[in-house]
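Enquirer: For the protein sequence lines, the chains are P and H, in the order given.
Just so you know, the first sequence maps onto residues 1 to 557 in my numbering.
Just so you know, the second sequence maps onto residues 558 to 832 in my numbering.
Backbone N, C-alpha and C define an ideal beta-carbon position, used for all residues, glycine too.
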Amino acid sequence: MTIATPPSQTPEANLSLQPTGWLKYFSFSLDHKVIGLQYIVCGFLFYLIGGALAGVIRTELATPISDFVSRDTYNQVLTLHGTVMIFLWIVPVINGGFGNYLIPFYVGARDMAFPRLNAVAFWMIPPSGLLLISSYFIGGAAQSGWTAYPPLSITTPAMGQILWIVSVLLLGGSSIFGGINFIATILKFRQPGLKLMQMPMYCWAMLGTSILVVLATPVLAGTLILLSMDIVAHTGFFNPASGGNVVVYQHLFWFYSHPAVYIMVLPAFGLVSEILPIHARKPLFGYVTMVYSIMAIVVLGLVVWAHHMFTSGTPPWMRLFFTIATAFIAVPTGIKFFNWIATLWQGRLALNSAMLFSCAFILQFVFGGITGVALAQVPFDVHVHDTYFVVGHFHYIVYGGTVFVIFASIYHWFPKFTGRMLDEKLGRLHLALTFIGFNLCFAPQHWLGLNGMPRRVAEYDPQFTLINQISSVGALLMAISTLPFLFNVVISMVRGTPSGPNPWRALTPEWLTSSPPPVENWKGAAPLVHEPYGYGGPPGVMDLNQASGRDLWRNEP
Amino acid sequence: MRIPSAILTLVVGMALVLLGQWVANDVNLLPESASVNAPVYDELFRVLVAIGTMLLVGITGVVIYSLVRFRRQDGDSQDGPAIEGNLSLELFWTAIPAVVVLFLGIYSYDIYDRMGGMADLNGHGMAHQTELASVRHSEPDDENRIWGGIAPAKSSGDVIPVEVTALQFAFIFHYPEQNITSGELHVPTGQTVELRMKANDVIHAFWVPEFRIKQDIIPGQPTVLSFTARKAGDYPIVCAELCGPYHGGMRSHVVVDEPDAFSNWLEANTPATLS
Ligand code: HEM
Ligand SMILES: [Cu+2]
Ligand SMILES: [Cu+2]
Chain P
1 MTIATPPSQT
11 PEANLSLQPT
21 GWLKYFSFSL
31 DHKVIGLQYI
41 VCGFLFYLIG
51 GALAGVIRTE
61 LATPISDFVS
71 RDTYNQVLTL
81 HGTVMIFLWI
91 VPVINGGFGN
101 YLIPFYVGAR
111 DMAFPRLNAV
121 AFWMIPPSGL
131 LLISSYFIGG
141 AAQSGWTAYP
151 PLSITTPAMG
161 QILWIVSVLL
171 LGGSSIFGGI
181 NFIATILKFR
191 QPGLKLMQMP
201 MYCWAMLGTS
211 ILVVLATPVL
221 AGTLILLSMD
231 IVAHTGFFNP
241 ASGGNVVVYQ
251 HLFWFYSHPA
261 VYIMVLPAFG
271 LVSEILPIHA
281 RKPLFGYVTM
291 VYSIMAIVVL
301 GLVVWAHHMF
311 TSGTPPWMRL
321 FFTIATAFIA
331 VPTGIKFFNW
341 IATLWQGRLA
351 LNSAMLFSCA
361 FILQFVFGGI
371 TGVALAQVPF
381 DVHVHDTYFV
391 VGHFHYIVYG
401 GTVFVIFASI
411 YHWFPKFTGR
421 MLDEKLGRLH
431 LALTFIGFNL
441 CFAPQHWLGL
451 NGMPRRVAEY
461 DPQFTLINQI
471 SSVGALLMAI
481 STLPFLFNVV
491 ISMVRGTPSG
501 PNPWRALTPE
511 WLTSSPPPVE
521 NWKGAAPLVH
531 EPYGYGGPPG
541 VMDLNQASGR
551 DLWRNEP
Chain H
558 MRIPSAILTL
568 VVGMALVLLG
578 QWVANDVNLL
588 PESASVNAPV
598 YDELFRVLVA
608 IGTMLLVGIT
618 GVVIYSLVRF
628 RRQDGDSQDG
638 PAIEGNLSLE
648 LFWTAIPAVV
658 VLFLGIYSYD
668 IYDRMGGMAD
678 LNGHGMAHQT
688 ELASVRHSEP
698 DDENRIWGGI
708 APAKSSGDVI
718 PVEVTALQFA
728 FIFHYPEQNI
738 TSGELHVPTG
748 QTVELRMKAN
758 DVIHAFWVPE
768 FRIKQDIIPG
778 QPTVLSFTAR
788 KAGDYPIVCA
798 ELCGPYHGGM
808 RSHVVVDEPD
818 AFSNWLEANT
828 PATLS
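1. Have a look at GLY637(H) and SER562(H) and give me their C-alpha separation to the nearest angstrom.
2. Straight-line CA distance for LEU476(P) to VAL391(P)?
3. Check the Cβ of ILE324(P) against every Cβ in chain H and list those closer than 7 Å, keeping chain order.
4. Just mark PRO650(H) as buried or exposed, buried being the case when its beta carbon has 16 or more other beta carbons within 10 Å.
5. In whole angstroms, what is the alpha-carbon distance linking ASP31(P) and TYR106(P)?
6. For my contact list, PHE726(H) and TYR803(H) are in at a C-beta cut-off of 8 Å; report their separation, rounded to the angstrom.
7. Is it buried or exposed for VAL507(H), if we count other Cβ within 10 angstroms and need 16 for buried?
8. For the beta strand (DSSP E) holding GLN772(H), just list the boundary residues, first then last.
9. Could you check whether ILE770(H) and LYS755(H) sit closer than 8 Å to each other, using their CB atoms as the reference points?
10. Quick one, which residues of the region 276 to 288 of chain P are near chain H if we go by CB-CB under 8 Å, in chain order?
11. Quick one: measure Cβ to Cβ for LEU586(H) and TRP447(P), integer angstroms, because I've assumed they're closer than 8 Å.
12. Under the three-state reduction of DSSP, which class applies to ILE794(H): helix, strand or coil?
13. May I ask you to list, following chain order, the residues of the region 722 to 750 of chain H that have a beta carbon less than 7 Å from some beta carbon of chain P?
14. Roughly how many angstroms separate the alpha carbons of ALA184(P) and LEU37(P), rounded to a whole number?
15. From LEU207(P), SER66(P) and HIS258(P), pick the residue whose C-alpha is nearest to that of ALA306(P); which is it?
16. Less than 7 Å separating the Cβ of HIS618(P) from some heavy atom of ligand 2?
17. Is the region 483 to 495 of chain P close to the region 414 to 429 of chain P, with three or more CB pairs under 8 Å?
18. Could you please give the first and the last residue of the uninterrupted alpha helix (DSSP H) stretch that includes ALA479(P)?
19. Would you tell me roughly how many angstroms separate the C-alpha atoms of LEU266(P) and ALA141(P), rounded to the nearest one?
20. Cα-Cα, which of LEU102(P), VAL298(P), LEU440(P) and SER353(P) is closest to HIS412(P)?
21. Going by the beta-carbon positions, is the gap between PRO733(H) and PHE819(H) smaller than 8 Å?
22. Is it buried or exposed, HIS530(P), if we count other Cβ atoms within 10 angstroms and call 16 or more buried?
23. Please go through the same chain and pick out, in chain order, the residues whose beta-carbon is closer than 6 Å to the beta-carbon of LEU226(P), but skip the five residues on each side of it.
24. Would you mind reading off the limits of the beta strand (DSSP E) that contains ARG628(H)?
25. What does HIS412(P) pair with, by DSSP beta-bridge criteria?
26. Are HIS81(P) and ALA54(P) closer than 8 Å when you measure CB to CB?
27. Under three-state DSSP, which class holds GLN635(H)?
28. Could you pull the DSSP bridge partners for SER739(H) from this structure?
29. From what residue to what residue does the alpha helix (DSSP H) around PRO816(H) run?
30. Under 7 Å Cβ to Cβ from ALA762(H), same chain only, skipping five residues before and after it: list those, please.
31. Give me the chain H residues within the contact set of GLN377(P), using Cβ-Cβ distance strictly less than 9 Å, ordered along the chain.
32. Touching or not, the region 400 to 407 of chain P and the region 362 to 371 of chain P, by the rule of three or more beta carbon pairs under 8 Å?
33. Is the beta carbon of ILE103(P) less than 8 Å from the beta carbon of PHE182(P)?
34. Residues in its own chain within less than 7 Å of MET318(P) by CB, not counting five upstream and five downstream?
35. Any heavy atom of ligand 3 inside 7 Å of the beta-carbon of HIS530(P)?
36. Measure the alpha-carbon distance for ARG671(H) versus VAL597(H) and round it to whole angstroms.
Structure below.
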């Protein structure tokens, strides 16, 4: 562990062990900031691949017959799309990427608790991702969807399915290493004097997420190992032909994969809680209730999995229990949203790209949450389960929620990463295109599901052609929207306006150092921030250099 | 003169309720309703749409209002008020979603019960099924219940049993009493049909959007689904569980006939028995 290295030794140690300059991003770097950016850039490359796969899906669905790719290929493409987007883009970027970059700053540490484990966790990702994608070229990728339900996953070509399993196992392992590291860093590497209830909210979000990762991912690993034995050794865990039970697989799979949706969205909640107060110039509203709701989501999130199985022949008591548990997740989730809106209320909102992406997230997630609560009601779900309605629901959550937050975060932290600002005009163009494209693509899918279009099909009833074409146009807009973003990142990196250390006048510790920060995060002692959200005061009196407005506010009637 | 904010809030609230009602009742988002339990389903759906619309439009309105009203002027570097929380407000918006989901839960439980969903459907063999049906029979409020959807049916005795076999990539319907085997399902209006379903290879799902019912067909675990058709017509049967390359093409029809026409169909298709 390098954290305790005295400053005088750092430069030589660096020179001899680690490449500098851009090469360090291709090295086994132990610097949490380098690793964070490695996660983000690597994840983004996979996002482009996943996006191209989505393009194939939407092109196929522009016509009601199967005419663009073969039916086998279509199922491979949709399996790869789901797996890449979840395991190689969202989970690594929202956890590993921003988590690694920010958590050590937030707890006042110079690196993560286990820097070497950290680097290992990252370097497991590119090979697993390449393995997954290469399976397409060696005999065809898996065809059973990202859920890999047996017996379909047992009867489709074995090679692709096994490579899928190995790759997901490696990615799960990487995620567990990351989770352990975050828990250790947050609980044990906090600066002396920094109390738990003074941490920035993202720390709480990552603590909750990592607990879920550590509890749930091993279950997925075990399940997939059993599945692979069914495939290669012809055991009968899930194979009804040998006395196995297919529904047991679904229980085990969703025991991980429902928490997984919170693994994808809780960190996004955390990031939004960092972004909004800064650009609204107000404290985060309701810190304590925010913390409790995160923990409530973690606990409830572990006991709702069977809401994915309402048509799987589950017994009535189970359906009743999981309806109630699922619907109750809306309570802590709702609290967080109302608190964010209260944070905006009466603020002084800078309508920049970071803020606008965050607000789009709020609206879209609320919609996804509403359809989610509806889906929790068994009688409603029975009709729309496994239809495009569900596809609409979870894209509103995962894309409209998490991906929008990833973009908001990139606009927000790019100055810290590079020392230069992103261009605002291009940023808003990016926002407008993504917002319109996204809603055009996914809102109509709810109607499709209600009216009879199942999910995961390459061909459909011709009466749905028009709506599918609208959806495909939306997808095209989304694809186009990445161009201004990429262009923006490239030119801003070279000649964006220099940002200085703290362009947003923020109070959280990552801004209290140069941009980009030095290897040891702060020259000299790490700042001890007791009030990460201490913005605000009566108009005309306060400014950032003065004490926080908390005392004044306390004295008001 | 300024309008007091309490009145404004009230007016906005009422407008939201009206909007929710309007969307729920006058915007048709569902396909035709052709089974006895479909109207029950649609009732729940309208409640969900009304609540959902109010929440979505309300929250969107507040966010957009804040973005416009509280936006920062260029060159303004002041902070907003240092409000860090407000316990009663936070309790208030903990209570609201809690009440809403509690109400929804109870309500949808009731709907589900009326659709017959709370009965055990993992029939452990047919013997158990008939046993269940007889238990139902003795229930006092039998008359008022709308059976259909997911459970053993209104036990008027004349349930039409149909054996459904799902395989890659077709449904096969067998009428055991007449020994008819068919690729499409024929049922009469007003009479309960009980589908006894099994899968030969992988998981499939039986879905008739116009009936608002769906049930997975699971290899190694027979399932039962019953419904009562209400309107004559020809409706799609759709496989809703990914089952392989031709999953999208795994479709069939259910033809709902008036009882007379249905008897004719039965007669015409009953295979001649070798005597
Ligand atoms: C308000 C909270 C939420 C509720 C009540 C809820 C409820 C549900 C229900 C009942 C289903 C099953 C639908 C079906 O397959 O028939 C579902 C599916 C799904 N939800 Fe949510 N959800 C919520 C939030 C989320 C979040 C936060 C995420 C992810 C970040 C998410 C991601 C998904 C995904 C990925 C699926 C589909 C999985 C699949 O079958 O492939 N949901 N949700
Ligand atoms: Cu779930
Ligand atoms: Cu199918």
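Expert: On the basis of the data shown:
1. 21 Å
2. 18 Å
3. GLY662
4. The question names Pro, yet the displayed sequence has Trp at residue 650(H). So TRP650(H) ends up on the buried side.
5. 15 Å
6. 4 Å
7. Since the first residue shown for chain H is 558 and the last is 832, residue 507(H) is missing from the structure and cannot be characterised.
8. 770 to 774
9. no
10. ALA280, ARG281, LYS282, PRO283, LEU284, PHE285, GLY286, TYR287 and VAL288
11. 6 Å
12. strand
13. none
14. 21 Å
15. HIS258(P)
16. One cannot answer for residue 618(P) here, as it falls past the ends of chain P, which runs 1 to 557.
17. yes
18. 465 to 495
19. 31 Å
20. SER353(P)
21. no
22. exposed
23. PHE237
24. ARG628(H) -> no beta strand (DSSP E), and no H or E assigned at all.
25. According to DSSP, which records beta bridges pairwise, HIS412(P) is partnered with nothing at all.
26. yes
27. coil
28. PHE730(H)
29. 816 to 826
30. LYS771, GLN772, ASP773, ILE774, CYS796, ALA797 and GLU798
31. LEU601, LEU605, LEU661, GLY662, TYR664, SER665, TYR666, ILE668 and TYR669
32. yes
33. yes
34. ALA306
35. no
36. 8 Å
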